[in-house]
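Peer 1: In the order they appear, the protein sequences are chains F and V.
Here the numbering used here is used: position 285 in the first sequence is 322, and no number is missing along the way.
Here the numbering used here is used: position 5 in the second sequence is 380, and no number is missing along the way.
Positions of the beta carbon are idealized from the N, C-alpha and C atoms, including for glycine.
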Amino acid sequence: MAEASVKESVKKEDWLKLKRKSVSDPGFDETVKNLTPEKIEKAVNAVLNIGKNAGRFMAPLETCIHCALCSDACHWYLSHDKDPTYAPVAKVKMTLWELIKRKGKVSPEFMKQVARIVFCECNLCRRCSMYCPFGLDIAYQLGMVRRICFILGLVPQNILDQTHSLSATLTQLWITQADWIDTMQWQEEEVRADIKNVRIPVDKEGADVMWCPLGTEPKVATYHIARTAKIMNVAGIDWTVSAQDGWDSANMGMFIRDMETMQRVVRGIYDNAMRLKIKRIVLTE
Amino acid sequence: MYDFIKDPSLYNFVRGPLVWVAFIIFIGGSIYQLRSLILLAKKEKVVYPYMDLKLSLRSLLHWLIPFNSRNWRLRPVVTTVTFLFHIGLVFTPIFLLSHNILWRESWGITWWTLPEGFGDIMTIIVIASCVFFLLRRIFAPEVRFVTFADDYLILAIAFLPFISGFLAYHQWLLPHKIMVIVHMIFGSLMLIAIPFTRLGHMLYFFLTRAYMGSDQGYRHSQDW
Numbered sequence: 038m039a040e041a042s043v044k045e046s047v048k049k050e051d052w053l054k055l056k057r058k059s060v061s062d063p064g065f066d067e068t069v070k071n072l073t074p075e076k077i078e079k080a081v082n083a084v085l086n087i088g089k090n091a092g093r094f095m096a097p098l099e100t101c102i103h104c105a106l107c108s109d110a111c112h113w114y115l116s117h118d119k120d121p122t123y124a125p126v127a128k129v130k131m132t133l134w135e136l137i138k139r140k141g142k143v144s145p146e147f148m149k150q151v152a153r154i155v156f157c158e159c160n161l162c163r164r165c166s167m168y169c170p171f172g173l174d175i176a177y178q179l180g181m182v183r184r185i186c187f188i189l190g191l192v193p194q195n196i197l198d199q200t201h202s203l204s205a206t207l208t209q210l211w212i213t214q215a216d217w218i219d220t221m222q223w224q225e226e227e228v229r230a231d232i233k234n235v236r237i238p239v240d241k242e243g244a245d246v247m248w249c250p251l252g253t254e255p256k257v258a259t260y261h262i263a264r265t266a267k268i269m270n271v272a273g274i275d276w277t278v279s280a281q282d283g284w285d286s287a288n289m290g291m292f293i294r295d296m297e298t299m300q301r302v303v304r305g306i307y308d309n310a311m312r313l314k315i316k317r318i319v320l321t322e
Numbered sequence: 376m377y378d379f380i381k382d383p384s385l386y387n388f389v390r391g392p393l394v395w396v397a398f399i400i401f402i403g404g405s406i407y408q409l410r411s412l413i414l415l416a417k418k419e420k421v422v423y424p425y426m427d428l429k430l431s432l433r434s435l436l437h438w439l440i441p442f443n444s445r446n447w448r449l450r451p452v453v454t455t456v457t458f459l460f461h462i463g464l465v466f467t468p469i470f471l472l473s474h475n476i477l478w479r480e481s482w483g484i485t486w487w488t489l490p491e492g493f494g495d496i497m498t499i500i501v502i503a504s505c506v507f508f509l510l511r512r513i514f515a516p517e518v519r520f521v522t523f524a525d526d527y528l529i530l531a532i533a534f535l536p537f538i539s540g541f542l543a544y545h546q547w548l549l550p551h552k553i554m555v556i557v558h559m560i561f562g563s564l565m566l567i568a569i570p571f572t573r574l575g576h577m578l579y580f581f582l583t584r585a586y587m588g589s590d591q592g593y594r595h596s597q598d599w
């Protein structure tokens with residue numbers, strides 16, 4: 038019975054009949070159970086109201102002539118035998134235009150579809166902007182849809198978890214300050230097997246370069262730290278790493294448009310650079 | 376009905392006040408729309424700091440030359456038709472002989488004029504291009520997927536002044552005087568529609584292109 042009533046409310050514009058492999062992610066499947074149309078409407082309108090005051094958001098809405106010349110830019114479109122539903126403009130149509138048209142009055146199931154499109158079928162690489170004759174920032178628009186999904190919690194679980202970690206500890210993978218400093222000292226010993234008396238200078242004031250690794254490096258790929266230390270030493274660079282939180286450059290908040298965490302991560306890095314009087318910040322990636 | 380259309384007062388109204396209204400709405404509306412978009416962009420922290428005149432002009436020039444950008448080269452037919460269509464659409468009305476005669480009769484001003492046959496060819500190109508865009512909307516799958524009713528509407532708004540002007544010039548279908556009135560109404564309609572529909576892409580092109588050119592140029596990336 039429940040299934041039948043859902044089917045009735047499904048419109049053609051819900052795009053539920055697209056040929057897609059199902060994406061099973063607790064971030065989508067579990068969150069969608071707690072969503073109500075009221076919550077969705079509130080989140081959509083909150084973001085769209087911000088968008089109304091943003092030129093980068095409004096200009097593409099008023100300019101796009103629906104020519105679909107952006108499609109050749111998209112690796113999703115090309116790798117799916119030019120399936121029109123993978124074209125950049127098609128993704129905007131199935132998500133943002135539809136949300137605007139219905140003023141946010143959509144079903145949770147539709148929102149799940151939207152989340153899958155913006156998270157699992159678009160990388161926000163901005164290549165489409167290089168193909169658009171108008172240079173419209175299509176990725177920015179899909180990023181705003183990601184923001185709506187983030188506010189609703191409809192985010193792939195592992196990215197959401199890492200963003201939570203960043204917001205709590207300013208590191209990607211729940212690394213404590215003690216662990217971080219300990220890892221640096223341990224890797225210093227490791228590198229000394231190859232280079233005599235080498236240092237990994239922690240918190241050295243006035244160094245030229247501050248290196249900001251990703252959280253994955255101290256957590257699961259420590260050999261990256263050793264290699265970086267070797268390169269820096271052999272190249273004779275005056276470098277350091279920050280001992281205080283704000284050394285992690287893995288900005289997961291940026292990907293899901295959690296602007297608040299995103300800003301704190303960037304700010305943490307700049308604060309440390311100011312504190313240590315650094316000339317240049319070097320990031321992994 | 377026929378008497379009403381034949382009445383010179385209708386012609387005088389269409390030629391006088393209607394054109395005035397159309398031009399005032401077109402110019403005023405365009406300035407208003409551009410101004411509001413510029414003010415919106417000013418409110419954003421990340422637009423103005425990136426804007427750069429040199430990079431903007433580089434990007435505009437890059438895309439205004441046919442077959443210069445990668446995407447223009449990938450689709451030679453679309454590129455050719457697009458450029459011919461837009462050149463015809465913008466410049467034919469400005470330099471057409473019949474239009475220039477009206478300007479001289481009204482205000483006594485003159486400027487360059489296209490040869491009559493050339494103006495006719497440009498009009499035919501615009502009409503044919505409209506048909507091409509219509510067929511592309513219907514048959515190209517990626518375009519059909521993102522086509523709405525208003526896409527056909529704005530195509531019709533661009534199409535009607537040219538087809539009616541063409542028929543009026545050749546004195547086909549309707550008596551010449553009526554066709555001219557129809558042509559003027561459609562022309563005014565298009566002018567009025569430009570600032571308030573997505574035909575405004577004509578105005579916004581320069582702003583959005585300048586932004587993306589500056590934004591990418593700031594990161595030392597070339598236009599593709």
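Taking only beta-carbon positions, decide if F:VAL126 is within less than 9 Å of chain V.
Peer 2: Chain V, which has a Cβ nearer than 9 Å to the Cβ of F:VAL126, makes this yes.
Peer 1: In the DSSP assignment, what are the bridge partners of F:THR277?
Peer 2: F:MET247
Peer 1: V:GLY540 versus chain F: which residues are under 7 Å apart at the beta carbon?
Peer 2: Simply none; closest approach about 23 Å.
Peer 1: What residue range does the beta strand (DSSP E) around F:VAL319 cover?
Peer 2: 317-320
Peer 1: Starting from the N-terminal side, write out each stretch of the alpha helix (DSSP H) that is 4 residues or longer and does not extend beyond the segment 183-224 of chain F.
Peer 2: Along the segment 183-224 of chain F, the alpha helix (DSSP H) occurs as fully enclosed runs of 4 or more residues at 194-206, listed in sequence order.
Peer 1: Quick one: which unbroken alpha helix (DSSP H) runs of 4-plus residues sit fully inside the segment 399-484 of chain V? Chain order, please.
Peer 2: 428-439, 445-449, 451-470, 472-482
Peer 1: Can you find a CB in chain V that lies within less than 9 Å of the CB of F:ILE102?
Peer 2: True, the Cβ-Cβ gap to chain V drops below 9 Å.
Peer 1: Kindly indicate which three-state DSSP category F:VAL257 falls into: helix, strand or coil?
Peer 2: Note: F:VAL257 maps to helix in three-state DSSP.
Peer 1: Going by DSSP in three states, F:VAL239 sits in which element: helix, strand or coil?
Peer 2: strand
Peer 1: Please report the residue range of the alpha helix (DSSP H) in which F:TYR307 lies.
Peer 2: 296-312
Peer 1: I need the straight-line Cα distance from F:GLN199 to F:MET289, nearest angstrom please.
Peer 2: 7 Å
Peer 1: Is any non-hydrogen atom of the ligand GTP found closer than 8 Å to the C-beta of F:PRO238, if you look at the structure I gave you?
Peer 2: Of the ligands one can find in the structure shown there are none, so the ligand GTP has no counterpart to examine.
Peer 1: Report the CB separation of F:LEU189 from F:ALA266 in whole angstroms; it is logged as a contact under 8 Å.
Peer 2: That pair is no contact at about 43 Å.
Peer 1: How big is the Cα-Cα spacing for F:PRO97 and F:PRO145?
Peer 2: 27 Å
Peer 1: Return the CA-CA distance between F:THR220 and F:ARG312, expressed in angstroms with no decimal places.
Peer 2: Between the alpha carbons of F:THR220 and F:ARG312 lies a distance of about 22 Å.
Peer 1: Determine the contact status of F:ILE77 and F:GLY180, defining contact as a CB-CB distance below 9 Å.
Peer 2: no
Peer 1: Using CA atoms only, rank isn't needed, just tell me which of F:ARG93, F:VAL182, F:ARG57 is closest to V:ASP590.
Peer 2: F:ARG93
Peer 1: Please report the distance separating the alpha-carbon of V:ARG410 from that of F:ARG236.
Peer 2: 58 Å
Peer 1: Which residues in chain V have a C-beta closer than 8 Å to the C-beta of F:ALA176? List them in chain order.
Peer 2: Here the premise fails: no neighbours, minimum Cβ distance about 11 Å.
Peer 1: Less than 8 Å between C-beta atoms, sequence neighbours within five positions excluded: which residues of the same chain meet that for F:MET299?
Peer 2: ASN288, GLY290, MET291
Peer 1: Does the beta carbon of F:ALA39 come closer than 9 Å to any beta carbon on chain V?
Peer 2: Bear in mind that a pLDDT of 41 at F:ALA39, under 50, signals an unreliable position, so the number given afterwards is only what the model happens to contain. Output row for F:ALA39: interface = no.
Peer 1: Could you tell me whether the Cβ atoms of F:CYS186 and F:VAL143 are closer together than 9 Å?
Peer 2: no
Peer 1: According to DSSP, is V:GLN597 part of a helix, a strand, or is it coil?
Peer 2: When DSSP states are grouped into helix, strand and coil, V:GLN597 belongs to the coil group.
Peer 1: With a CB to CB cut of under 6 Å and the five nearest residues on each side skipped, what residues in its chain are close to F:VAL319?
Peer 2: VAL246, TRP248
Peer 1: Count the C-beta pairs between the segment 442-450 of chain V and the segment 415-434 of chain V that are closer than 8 Å, then say yes if the count reaches three, no if not.
Peer 2: With a cut-off of 8 Å, the segment 415-434 of chain V and the segment 442-450 of chain V do not count as touching, because too few Cβ pairs lie within range.
Peer 1: Only counting the same chain, and skipping five residues up and downstream in sequence, which positions put a Cβ closer than 7 Å to that of F:ALA244?
Peer 2: PRO238, ASP275, TRP276, THR277, LEU313, ILE315
Peer 1: Measure the Cβ-Cβ separation of V:TYR407 and V:ALA416 and say whether it is below 9 Å.
Peer 2: no
Peer 1: Which term fits V:THR485, buried or exposed, when burial requires 16 or more other beta carbons within 10 angstroms of its beta carbon?
Peer 2: exposed
Peer 1: Do the segment 164-174 of chain F and the segment 579-595 of chain V touch if we need at least three Cβ pairs shorter than 8 Å?
Peer 2: Touching, per the Cβ criterion.
Peer 1: Just by C-beta distance, which residues in the segment 171-201 of chain F are closer than 9 Å to chain V?
Peer 2: PHE171, GLY172, LEU173, ASP174
Peer 1: Run down chain F in chain order and give the residues with a C-beta less than 7 Å from the C-beta of V:ASP526.
Peer 2: HIS103
Peer 1: Cβ closer than 7 Å: which chain F residues qualify as neighbours of V:THR522?
Peer 2: HIS103
Peer 1: Taking the Cβ atom as the reference point for each residue, do F:LEU197 and F:ARG301 lie within a distance shorter than 9 Å?
Peer 2: no
Peer 1: Considering just the uninterrupted stretch of the alpha helix (DSSP H) at F:HIS117, what are its terminal residues?
Peer 2: Going by DSSP, F:HIS117 is part of no alpha helix (DSSP H) at all; its letter is neither H nor E.
Peer 1: Starting from F:LYS387, trace the alpha helix (DSSP H) both ways and give me its first and last residue.
Peer 2: Any answer about residue 387 of chain F is impossible in this case: the structure gives chain F only from 38 up to 322.
Peer 1: Take F:ASP109 and list the residues in its own chain whose beta-carbon comes closer than 8 Å to its own, dropping the five residues that flank it on each side.
Peer 2: Excluding positions up to five away in sequence, the list reads LEU115, TYR168.
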